[in-house]
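> I am attaching a structure below and will ask some questions about it afterwards.
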Amino acid sequence: MATLQDYRDERVRKLEELQQLGVNPYPATSHRTATAKQVIDEFATREGQTVTVTGRITGLRKFGKLAFIVLRDMSGQVQLFLHAPDVAELDAASGVLGMKQLNLLDTGDFVEATGEVIKTKTGEVSVGVKTLRLLAKSLRPMPLELTNKEERFRRRYVDMNVNPEVRERFVRRSKFWQATRNFLESEGFVEVNNTVLEATAGGADANPFISHMDALDQDFYLRISHELPLKRLLVAGFEKVFDLGARFRNENYTEEHLPEHNAMEWYWAYADWEDGMELTERMIRYICDATWGTRQFTLMSGETVDFGADGEHFPRISFVGILKEQYDIDVFESSIEDIQAKLKEHNLEVEEVDNRIRSLDKLWKKYRKTLAGPAFLIDMPVFMQPLAKVNANDPRLTEQFNLVFGGSEMCKAFSELNDPVDQLNRFREQQAMRDAGDDEAQMLDIDYVEALEYGMPPACGLGYSERVFWSLEGIPAREGVPFPQLRSEIDETTKAIYPDLNL
């Protein structure tokens with residue numbers, strides 16, 4: 007049975023034969039005038055016209071003086087019809103191949119074909135080829151199918167060829183983020199991209215990645231959030247600002263989380279959390295319409311979520327109320343021992359470094375899994391959110407809302423804390439938790455406190471990651487990024503092909 011290396015050896019032989027003929031197997035130029043989809047969809051107006059199409063060969067059959075090639079580009083596929091008397095002979099200088107050189111082509115090769123738009127005797131729309139040029143010779147054959155998850159993730163470029171629906175997902179991912187930008191810009195927000203390396207990692211509860219900058223001989227953190235630099239921009243005079251890009255959290259892979267992922271945060275001066283909730287309702291609906299053309303989704307869990315009609319408000323649920331109703335826990339009064347007893351009762355892990363915040367959060371997350379949503383989670387205690395403004399109606403609570411659907415919190419937002427004294431005190435509390443062993447507690451950022459002392463207007467801010475996209479696609483996290491990180495590994499075939507590299 008032929009191995010991958012056998013197939014590769016045969017293609018290398020063909021490559022060498024092409025080179026001996028004087029053909030450049032990897033020319034720099036091509037001259038496409040129509041996509042495969044245009045040829046098919048616009049046949050009525052293009053019939054008889056000469057077009058040039060380009061793409062990858064996915065099928066090749068030759069019958070004497072006739073040959074049929076299936077050509078695929080990103081738009082779709084079209085048939086190339088080759089009739090020997092009509093096809094130009096070999097012209098090595100131009101990279102043109104004749105019928106006699108078709109045996110040097112393989113599936114996976116990229117070619118350029120010029121000819122008339124026709125229909126064959128079987129009624130299939132085709133390009134009647136006059137000239138055929140080689141654009142790139144492939145040395146490894148594409149598999150007919152690819153289902154092994156590990157292989158799919160390692161060779162996503164193969165996965166997207168064999169499973170085109172995977173590639174289409176990333177087209178939608180692009181639309182998702184473009185829709186986010188379009189909506190915010192239409193609302194008057196300005197995109198400002200801030201640095202990824204930060205002297206202090208802040209804005210979220212997460213363990214950061216650490217790097218070292220030789221130029222300054224100082225350690226820096228890869229940002230875990232976009233938040234604090236954006237709020238510094240409010241101090242600088244921006245009134246509506248957002249940033250969209252990668253953030254990094256040194257945590258384990260789950261179906262909902264990746265250590266590196268894209269996220270967006272916006273900040274809106276002179277707005278509060280009520281304004282933010284109304285904007286969020288409109289934003290998520292706009293994004294759903296622009297990306298999927300629907301507001302109704304079936305999630306990976308099998309649950310359905312419907313974001314409803316314009317003007318409808320999402321229901322609100324109370325963090326304090328849920329923990330009282332579901333677990334008989336008073337968020338403010340129950341002892342840590344009582345809370346941990348409830349964790350054990352509900353088969354939730356109790357760790358040595360667990361504190362009140364982490365323990366309450368575990369109880370909430372267990373209940374959260376039952377919520378299809380959408381809904382806004384409100385009534386978050388001050389001690390659980392160091393960056394949010396105190397609720398004017400109850401000083402124990404913050405003006406925070408989290409968009410919940412599919413059993414997860416997908417957006418976090420609040421009226422931003424702009425009191426530098428209050429902010430410093432909350433940072434002190436978080437730093438004490440870090441000093442006690444909580445690596446995810448927030449760092450004390452004195453530079454940010456200093457910025458607040460110059461004055462920041464009242465504002466609302468919101469952030470979400472591409473977990474929103476993964477959830478609405480109904481896929482786990484690693485399916486939702488083109489090239490997920492994996493432990494480095496080189497397969498045995500590659501090692502055998504390049505023994506001199508000592509891989």
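If you count the sequence shown from 1, position 455 lands on 461 in my numbering, and the numbers rise without skipping.
Glycine residues also receive a C-beta, built at the ideal position from the N, C-alpha and C atoms.
1) Relative to the alpha-carbon of E364, which residue among E193, Q391, L264 has its alpha-carbon at the smallest distance?
2) Tell me whether G61 sits in a helix, a strand or coil according to DSSP, three-state version.
3) Return the bridge partner residues of L66 from the DSSP annotation.
4) Over what stretch of residues does the beta strand (DSSP E) that includes G134 continue unbroken?
5) According to DSSP, H89 sits in a beta bridge with which residue or residues?
6) Would you call the segment 162-173 and the segment 191-204 in contact, with 3 or more CB pairs under 8 angstroms?
7) If you draw a straight line from the alpha carbon of E284 to that of L240, how long is it in whole angstroms?
8) Based on DSSP bridge pairs, tell me the residues matched to N408.
9) Report the partner residues of R238 according to the DSSP bridge assignment.
10) Check whether the segment 109-122 touches the segment 135-143, counting contact only when three or more Cβ pairs, one atom from each stretch, lie closer than 8 angstroms.
11) Is the segment 413-421 close to the segment 395-405, with three or more CB pairs under 8 angstroms?
12) For a quick check, are the C-beta atoms of T126 and F87 less than 8 angstroms apart?
13) In the structure shown, what three-state DSSP assignment does T186 receive?
14) Distance, Cα to Cα, A242 vs L250?
15) Pairs of beta-carbons, one from the segment 446-461 and one from the segment 485-492, closer than 8 angstroms: are there three or more?
16) Could you tell me the boundaries of the beta strand (DSSP E) in which Y32 lies?
17) If you count every other CB in all the chains shown that lies within 10 Å of the CB of V57, and 16 or more means buried, which is it?
18) Quick one: does the C-beta of L27 sit closer than 7 angstroms to a heavy atom of the ligand SAH?
19) According to DSSP, T286 sits in a beta bridge with which residue or residues?
20) Which residues in the same chain as A185 place their Cβ atom closer than 7 angstroms to its Cβ, once the five residues preceding and following it in sequence are excluded?
21) Quick one, which of M219, K237, F226, R179 has its alpha-carbon nearest V198's?
22) Looking at C-alpha atoms only, which residue of L264, E266, W272, F226 is the closest neighbour of E245?
23) Consult DSSP for V487 and reduce its assignment to one of helix, strand or coil.
24) Are the beta-carbon atoms belonging to D400 and F325 less than 8 angstroms from one another?
25) Along the chain, where does the beta strand (DSSP E) containing R301 start, and where does it finish?
26) Where does E357 sit, in a helix, a strand or coil, going by DSSP?
27) Who does N268 pair with in a DSSP beta bridge?
28) With three or more beta-carbon pairs closer than 8 angstroms as the criterion, would you say the segment 76-84 touches the segment 51-66?
29) Excluding sequence positions up to five away, which residues of its chain have a Cβ less than 6 angstroms from the Cβ of I124?
30) Could you round the C-beta distance between E262 and A40 to whole angstroms and report it? I think they count as a contact, below 8 angstroms.
31) Assign K125 to one of three DSSP states: helix, strand, or coil.
32) Which residues in the same chain have their Cβ closer than 6 angstroms to the Cβ of H37, if we skip the five residues on either side of it in sequence?
33) Cutting at 8 angstroms between CB atoms, please list the residues of its own chain near P33, excluding the five before and the five after it.
34) So, do the segment 422-440 and the segment 457-473 have three or more beta carbon pairs nearer to each other than 8 angstroms?
35) Taking C-alpha atoms, which residue in L369, N361, I342 lies nearest to N353?
36) Exposed or buried, which one is R19 when buried takes at least 16 other CB atoms within 10 Å?
On the basis of the supplied data:
1) According to the sequence provided, residue 364 is Arg. The question's Glu does not apply to it. With distances taken between Cα atoms, R364 lies closest to Q391.
2) Strand at G61.
3) I75, per the DSSP bridge assignment.
4) Boundaries of the beta strand (DSSP E) around G134: 131-142.
5) Bridge partners of H89: L72.
6) Put simply, the segment 162-173 does not touch the segment 191-204. Fewer than three CB pairs are less than 8 angstroms apart.
7) Taken atom to atom, the span from the alpha-carbon of E284 to that of L240 is near 21 angstroms.
8) Per DSSP, L383, K418.
9) R238 is not bridged to any residue.
10) With the rule of 3 Cβ pairs closer than 8 angstroms, the segment 109-122 counts as touching the segment 135-143.
11) Verdict: yes, contact present.
12) In terms of Cβ geometry, T126 and F87 form a close pair [threshold 8 angstroms].
13) In the three-state reduction of the DSSP assignment, T186 falls in the helix class, which pools H, G and I.
14) Near 19 angstroms, if we compare the C-alpha coordinates of L250 and A242.
15) Too few Cβ pairs lie closer than 8 angstroms, so no.
16) The continuous stretches of beta strand (DSSP E) do not include Y32, and DSSP gives it neither H nor E.
17) Under this definition V57 is a buried residue.
18) For the structure depicted, the ligand SAH is absent and the ligand set is empty, with no information on it obtainable.
19) Per DSSP, T286 has no beta-bridge partner at all.
20) The residues Y292, I293, A296, T297, in chain order, have a CB closer than 7 angstroms to that of A185 in the same chain once the five nearest residues on each side in sequence are set aside.
21) Per the C-alpha coordinates, the member of M219, K237, F226, R179 positioned closest to V198 is K237.
22) Check the Cα spacing between E245 and each of L264, E266, W272, F226: the tightest is with W272.
23) In the three-state reduction of the DSSP assignment, V487 falls in the coil class.
24) D400 is not a Cβ neighbour of F325, given a cutoff of 8 angstroms.
25) No beta strand (DSSP E) contains R301, which DSSP labels as neither H nor E.
26) Three-state DSSP puts E357 in coil, outside helix and strand.
27) As a beta-bridge residue in DSSP terms, N268 pairs with A252.
28) The segment 76-84 makes contact with the segment 51-66; the number of CB pairs closer than 8 angstroms reaches 3 or more.
29) Leaving aside the five residues that flank I124 on each side, the residues in its chain whose CB is nearer than 6 angstroms to its CB run, in chain order, S132, G134.
30) Separation of the CB atoms of E262 and A40 is rounded to 42 angstroms, and the pair is thereby denied contact status at 8 angstroms.
31) For K125, the three-state secondary structure derived from DSSP is strand.
32) T58, listed in sequence order.
33) Only G101, R139, L140, L141 meet the Cβ criterion.
34) As far as the Cβ criterion goes, the segment 422-440 touches the segment 457-473, which means the pair count is three or higher.
35) Selected option, being the one with the closest Cα: L369.
36) In summary, R19 is exposed, with fewer than 16 beta-carbon neighbours lying within 10 Å of its beta-carbon over all protein chains present.
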